[in-house]
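Student: Numbering of the sequence shown is given in full-length UniProt numbering, commencing with residue 1 and proceeding in unit increments.
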Amino acid sequence: GVVKRRGDIFRFTIADIPGIIEGASMGIGLGLSFLRHIERVKGILYLFDASSLDIEEDLKMLKNELATYNPELLNRPYLIVLNKIDIWDDPEFTRDVMEKVSHLGKVIAISADKETNLEELLVNMDETFFKEEIEKVLNPVREPKSVSNSENGSTTSNTLDDSSEESGNSI
């Protein structure tokens with residue numbers, strides 16, 4: 001789906017690649033058809049159900065499948081997301097789990113159902129995946145605009161002013 005940020009001046013698309021199972025890189029299940037889509041992404045969200053008994057093993061399996069399919073994918077920036085934290089209903093337990101998995105990378109705990117920490121997730125996605133693009137949108141470099149004079153064949157250079165910029169850039 002398309003996510004709109006900062007009003008409507010920055011957009012990005014999220015591709016949901018479900019069901020990567022062990023052996024996906026070898027064609028088991030729908031693995032290869034899903035893995036082909038990952039090659040086009042700028043970054044990866046590893047999304048885990050908070051009730052998973054071993055997030056570290058699950059992440060290791062996913063990374064192994066990506067590495068087997070295309071080792072370059074492991075160089076993409078990533079975030080780890082724990083979803084369904086509302087099932088715990090215990091902030092202290094959430095903190096303990098977060099500490100346990102923090103060595104794996106940047107971890108964000110959310111509840112999509114209760115909409116808990118979704119803005120935190122989006123901010124982390126902005127910073128991890130789109131920082132340069134957002135900077136360009138918010139602080140565009142003004143390139144001189146060349147204007148040709150057809151009467152004498154000369155070219156002059158003018159600087160764009162704010163009134164000539166388009167609003168609503170999308171990436």
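Where a beta carbon is used, it is the ideal one built from N, C-alpha and C, also for glycine.
1. What are the boundary residues of the beta strand (DSSP E) that includes R11?
2. Is it buried or exposed, T94, if we count other Cβ atoms within 10 angstroms and call 16 or more buried?
3. Mark I110 as exposed unless 16 or more other C-beta atoms lie within 10 angstroms of its C-beta, in which case mark it buried.
4. Mind reading off the beta-carbon distance from N124 to L79? Whole number of angstroms is fine, and I expect it under 8 Å.
5. What is the residue span of the beta strand (DSSP E) that I85 lies within?
6. With a threshold of 7 Å between beta-carbons, can L118 be considered close to chain B, or not?
7. Which of helix, strand or coil does DSSP assign to R76?
8. Using the DSSP secondary-structure output, state which residues sit across from L47 in a beta bridge.
9. Find out if the Cβ-Cβ distance for the pair P49, K84 is shorter than 7 Å.
10. Between which two residues does the beta strand (DSSP E) carrying R5 extend?
11. Express the C-alpha separation of D96 and V141 in angstroms, rounding to a whole number.
12. Can you tell me whether V107 is helix, strand or coil according to DSSP?
13. Taking H103 as the reference, which of T13, E56, M61, R11 has the closest Cα?
Tutor: In brief:
1. Residue numbering aside, residue 11 sits at position 11 when the sequence shown is read from its first letter. Element bounds for R11: 10-13.
2. The sequence position of residue 94 within the sequence shown is 94, counting from 1. By the 10 Å Cβ count, T94 comes out buried.
3. Working through the sequence shown from its first residue, we reach residue 110 at position 110. I110 comes out buried.
4. Residue 124 sits at position 124 when you count from the first residue of the sequence shown. Residue 79 sits at position 79 when you count from the first residue of the sequence shown. The pair is a contact, with the Cβ atoms about 6 Å apart (cut-off 8 Å).
5. Position 85 of the sequence shown, counted from the start, is the residue given in the question as residue 85. Premise fails: I85 is in no beta strand (DSSP E) and is neither H nor E.
6. Absent here is chain B; the protein component of the structure consists of one chain.
7. Counting from 1 along the sequence shown, the entry for residue 76 is found at position 76. Note: R76 maps to coil in three-state DSSP.
8. Against the sequence shown, residue 47 aligns to sequence position 47. Beta-bridge partners of L47 (DSSP): V81.
9. Sequence index remark: in the sequence shown, residue 49 carries index 49 (1-based). Sequence index remark: in the sequence shown, residue 84 carries index 84 (1-based). For clarity, residue 49 is Asp in the given sequence; the question names Pro instead. Cβ distance < 7 Å, so D49 and K84 count as in contact.
10. Indexing the sequence shown from 1 puts residue 5 at position 5. That run of the beta strand (DSSP E) goes 2-5.
11. Your numbering for residue 141 matches position 141 in the sequence shown. Your numbering for residue 96 matches position 96 in the sequence shown. Taking the straight line joining both Cα atoms gives about 45 Å.
12. Position 107 of the sequence shown, counted from the first residue, corresponds to residue 107. Strand.
13. As a first step, residue 103 must be located in the sequence shown, where it is residue number 103. Among T13, E56, M61, R11, the Cα nearest to that of H103 is on E56.
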